[in-house]
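Participant: To get this note's numbering, take the position in the sequence shown, counting from 1, and add 81. By construction, the Cβ of each residue, glycine as well, lies at the ideal position given by its N, Cα and C atoms. Source: prediction; values computed, not measured.
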Amino acid sequence: MKKKVIASLLFSLTICVIVAVMYKEARMNIDDEPKFSLAEEQSKDFGLSNVKTISGNPVDPHLLTESEDCAKCHQNSFDEWKVSAHARSAANDPIYESHEETFAVKEIGQDGITFCAGCHTPEALVTGSVGKTKWTSSKYEQAGTSCIMCHAISDVFPDERQGIPADASYVFSPELVHEYPFANTNEAIESFLIRSAPKRHASDFSSKLYKEAEYCSSCHTQAAPNGKIEQDTYREWLNSSYADPNSSEFSTCIDCHMAPVPGERDKEVAGRTTDGGKYKKKVLDHRFVGGNQALPYLYGDQEMFKLTEKMLKSAAEIEIVDAKQENGKFDFKVKVTNKGAGHNLPTGATDLRQLWIDVEAVDENGKILFASGKLDEKMEVDPNAVMFHSKFYDEKGNLIDHHQVWRIARREDHLIPPKQSKYGEYSFTLPKNVKKITINAKLRYRVSPQYFANVTLREFGDPGTDRTLPITDMAVTKKVIQLD
Ligand code: HEC
Ligand code: HEC
Ligand code: HEC
Ligand code: HEC
Ligand code: HEC
Numbered sequence: 082m083k084k085k086v087i088a089s090l091l092f093s094l095t096i097c098v099i100v101a102v103m104y105k106e107a108r109m110n111i112d113d114e115p116k117f118s119l120a121e122e123q124s125k126d127f128g129l130s131n132v133k134t135i136s137g138n139p140v141d142p143h144l145l146t147e148s149e150d151c152a153k154c155h156q157n158s159f160d161e162w163k164v165s166a167h168a169r170s171a172a173n174d175p176i177y178e179s180h181e182e183t184f185a186v187k188e189i190g191q192d193g194i195t196f197c198a199g200c201h202t203p204e205a206l207v208t209g210s211v212g213k214t215k216w217t218s219s220k221y222e223q224a225g226t227s228c229i230m231c232h233a234i235s236d237v238f239p240d241e242r243q244g245i246p247a248d249a250s251y252v253f254s255p256e257l258v259h260e261y262p263f264a265n266t267n268e269a270i271e272s273f274l275i276r277s278a279p280k281r282h283a284s285d286f287s288s289k290l291y292k293e294a295e296y297c298s299s300c301h302t303q304a305a306p307n308g309k310i311e312q313d314t315y316r317e318w319l320n321s322s323y324a325d326p327n328s329s330e331f332s333t334c335i336d337c338h339m340a341p342v343p344g345e346r347d348k349e350v351a352g353r354t355t356d357g358g359k360y361k362k363k364v365l366d367h368r369f370v371g372g373n374q375a376l377p378y379l380y381g382d383q384e385m386f387k388l389t390e391k392m393l394k395s396a397a398e399i400e401i402v403d404a405k406q407e408n409g410k411f412d413f414k415v416k417v418t419n420k421g422a423g424h425n426l427p428t429g430a431t432d433l434r435q436l437w438i439d440v441e442a443v444d445e446n447g448k449i450l451f452a453s454g455k456l457d458e459k460m461e462v463d464p465n466a467v468m469f470h471s472k473f474y475d476e477k478g479n480l481i482d483h484h485q486v487w488r489i490a491r492r493e494d495h496l497i498p499p500k501q502s503k504y505g506e507y508s509f510t511l512p513k514n515v516k517k518i519t520i521n522a523k524l525r526y527r528v529s530p531q532y533f534a535n536v537t538l539r540e541f542g543d544p545g546t547d548r549t550l551p552i553t554d555m556a557v558t559k560k561v562i563q564l565d
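#1: Would you say the beta carbon of His483 is closer than 8 angstroms to some non-hydrogen atom of ligand 4?
#2: Considering only heavy atoms of ligand 3, does any lie closer than 8 angstroms to the CB of Asp174?
#3: Taking just the CA atoms, how far does Lys472 sit from Ile135?
#4: Could you give the DSSP three-state label for Asn535: helix, strand or coil?
#5: Express the C-alpha separation of Trp318 and Ala324 in angstroms, rounding to a whole number.
#6: Touching or not, the segment 166-180 and the segment 197-205, by the rule of three or more beta carbon pairs under 8 angstroms?
#7: For the segment 527-535 and the segment 453-464, state whether three or more C-beta atom pairs, one from each stretch, are separated by less than 8 angstroms.
#8: CB of Arg242 to nearest heavy atom of ligand 5: below 8 angstroms?
#9: Using only the heavy atoms of ligand 3, determine whether one of them is closer than 8 angstroms to the beta carbon of Val370.
#10: Grab me the residues of Val467's own chain with a C-beta within less than 6 angstroms of its C-beta, minus the 5 sequence neighbours each way, in chain order.
#11: In whole angstroms, what separates the C-alpha of Val402 from that of Trp487?
#12: Of all the options Val557, Gly454, Tyr380 and Gly193, which has the alpha carbon lying nearest to the alpha carbon of Ile399?
#13: Quick one: what's got a C-beta closer than 8 angstroms to Val350's C-beta in the same chain, skipping five residues either side?
#14: Determine whether the beta carbon atoms of Phe159 and His367 lie at a separation below 9 angstroms.
#15: By DSSP, does Arg368 sit in helix, in strand, or in coil?
#16: Looking at ligand 1, does it come within less than 8 angstroms of Phe263, judged from the CB to the closest heavy atom?
#17: Please tell me whether, using a cut-off of 8 angstroms, the distance from the CB of Asp62 to the nearest non-hydrogen atom of ligand 5 is below it.
#18: Which class does Ser118 belong to by DSSP, given the choice of helix, strand or coil?
#19: Taking 8 angstroms as the cut-off, is the C-beta of Glu271 nearer than that to any heavy atom in ligand 1?
#20: Can you list, in chain order, the residues of its chain with a C-beta nearer than 7 angstroms to that of Ile497? Leave out the 5 residues immediately preceding and following it.
#21: Given a cut-off of 9 angstroms, decide if Thr355 and His155 are closer than it, judged by their beta-carbon atoms.
#22: Just confirm the distance between the C-beta atoms of Cys228 and Ser148, as a whole number of angstroms; I'd bet it's less than 8 angstroms.
#23: Output yes or no for whether 9 angstroms exceeds the beta carbon distance between Pro246 and Thr183.
#24: Please list the terminal residues of the continuous beta strand (DSSP E) segment that includes Trp437.
#25: With a CB to CB cut of under 6 angstroms and the five nearest residues on each side skipped, what residues in its chain are close to Trp162?
#26: Please classify Leu575: is it buried, with 16 or more other beta-carbons within 10 angstroms of its beta-carbon, or exposed?
#27: Contact criterion: CB-CB distance below 9 angstroms. Does Asp150 meet it with respect to chain B?
#28: Out of curiosity, what's the CA-to-CA distance linking Gln191 and Val211?
#29: In the DSSP output, which residue or residues are listed as bridge partners for Ile189?
#30: Does Ala452 come out as helix, strand or coil in the three-state DSSP assignment?
#31: Who are the near neighbours of Ser453 in its chain, counting only those whose CB is closer than 8 angstroms to its CB and skipping five residues on each side?
#32: Where does His495 fall in DSSP's three states?
Pasting the structure below:
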């Protein structure tokens, strides 16, 4: 008897709550969102980062729903995100974390770190646990680019000097996300309400902006506080045919990096992105597969590692051309084409990334006549290798070799723009009586020189473990030339 009464009481209560929510939903539509003016906003405690919030102050930490909480209804998106570089952009990216501690904190101090935080540890910045005046160790430093960080961005705005979104120029507004009743008191009822009336929830976490490359630009264009550009992925894309809406190849960052089958941007896969939710013709992948195979390698995520290698392999083509014998010399070129990346190859942290041609010429007896781009015993690349990357220099003209991006005064780029090719040119003295030459060439990729990994990965995992960085052969070719 008692049970029945409680059950019917609970039932009526639930009905009342649903009616209340529906009523509130009907009244509060998107147009009723609190108004605010970007111009009036001032980043008060966000130091060198461009991040803005509605109040201009750090946000109330209880508004930062944890990614694990979203997983309760979006398990697939969560599982994908968990192995992504976004989930590991923060203190849990050993490369970032130890670089920040070893170099950044010492050279640019607390205020300088706010600059990094807008992109790498955004939750720590927006909650004020890392600010120009304080630094409290918290779970927010581990949260990475979380679900809420991306899905509660209400706007992006141009950086003053760059004229495009850069250096974390986004407006983070979790206050605009409608809180369902019982959000902080009874999770079961709150979940029930979201599931029964998800429209408001779905629209609060969606935006037309999220389909645009500018949105990604806010964290994928990086310029030093002196205005010198460090990462230029968005502009590289903007200047390419991929950004032309009239081109059959038009693809945004999302088309390529959230493709349901990584590396195959035209494939569509149907499925559900909400447990028990609508069946959609095309779902998106939150792994954001890019080029960084070191992170999944270090974390032991084999599938993510394989997908990253596949993505890398989809980007490039290699060919041996113009091989000829002349006046006792043998000349040839290796042509490298950026066939699949919607920006330069490589892009992003191009001062760290290494993309180089490993090539050798052997005679009919297997004797090596010429080689370039080999690794030495310390796993460093031959200094004469043809390498596609950037070199940053400081004011005194010294090479910046440990990603101390804040010192940049000048840069030299050797990168391959989308759809374009660059050549490695080689020549060697031909020994007498050689009848046949086989040239083997490959395009290799790793995230940084080994010396950088030796510093940054010293304390990751079991100390003393071999931390040789993985190398991916993005494209391989061979040519046999009969000599007369
Ligand atoms: C209690 C369950 C629940 C939780 C927790 C939840 N969602 Fe949802 N979400 C839903 C439902 C239900 C929909 C509507 C899905 C549909 O229409 O198929 C939805 C839709 C969405 C959409 C729109 C996508 C689409 O398919 O239309 C986004 C984006 C989203 N949620 C993000 C989030 C984020 C981010 C979090 C964590 C901050 C979160 N959700 C937490 C249940 C939930
Ligand atoms: C780097 C930013 C970013 C992060 C981090 C992120 N999302 Fe998304 N999410 C997006 C974008 C962009 C879209 C596509 C939006 C569109 O097309 O309208 C999207 C789409 C979705 C959708 C709809 C998916 C579909 O296939 O249509 C859901 C659900 C969702 N996100 C939930 C989550 C959850 C849960 C998390 C955390 C586990 C998360 N997102 C983390 C940027 C992000
Ligand atoms: C709040 C900042 C932020 C936003 C917004 C953001 N990203 Fe990122 N993203 C990062 C950071 C930081 C990393 C690098 C993490 C690391 O390696 O430590 C990253 C990594 C990536 C990678 C992996 C790179 C690799 O080397 O494998 C891809 C791909 C990517 N982002 C694409 C996108 C796209 C597409 C969007 C827009 C839908 C987007 N990101 C929005 C901060 C952001
Ligand atoms: C036509 C498909 C395509 C488009 C469009 C595209 N990308 Fe990529 N992206 C790739 C491929 C393939 C790779 C792997 C090769 C590489 O590392 O460059 C990649 C790599 C990356 C990396 C890792 C670079 C590295 O080597 O460390 C980042 C970061 C990235 N993309 C961000 C973006 C952003 C942001 C946009 C939009 C402005 C974008 N991408 C647009 C295909 C694309
Ligand atoms: C505008 C956003 C932004 C800012 C500001 C920024 N970064 Fe990054 N950082 C990124 C992105 C995006 C990547 C990944 C690019 C790629 O994959 O090539 C990255 C990559 C890195 C990497 C290599 C990580 C890896 O896993 O290989 C290190 C180290 C790093 N950043 C350190 C820093 C430090 C230290 C600061 C502050 C002085 C900083 N970054 C400021 C966006 C940013």
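Facilitator: On the basis of the supplied data:
#1: no
#2: yes
#3: 39 angstroms
#4: helix
#5: 6 angstroms
#6: yes
#7: yes
#8: no
#9: yes
#10: Ile438 and Gly505
#11: 40 angstroms
#12: Val557
#13: Pro341, Val342, Lys363 and Val364
#14: yes
#15: coil
#16: no
#17: Shown here, the chain extends from 82 to 565; a query on residue 62 therefore has no answer.
#18: Confidence is the limiting factor: at Ser118 the pLDDT is only 32, short of 50, which leaves the residue's position unreliable, though a coordinate-based value still follows. Correct three-state label for Ser118: coil.
#19: yes
#20: Val417, Asn419, Asn425, Leu426, Phe469 and Lys503
#21: yes
#22: 5 angstroms
#23: no
#24: Gln435 to Val443
#25: Ala168 and His367
#26: Absent from the structure is residue 575, since the part of the chain shown begins at 82 and ends at 565.
#27: Of the chains in the structure shown, none is chain B; there is only one protein chain.
#28: 8 angstroms
#29: Bridge partners of Ile189: none, in fact.
#30: strand
#31: Ile438, Asp439, Val440, Glu441, Asp463, Asn465, Ala466, Val467, Gly505 and Tyr507
#32: strand
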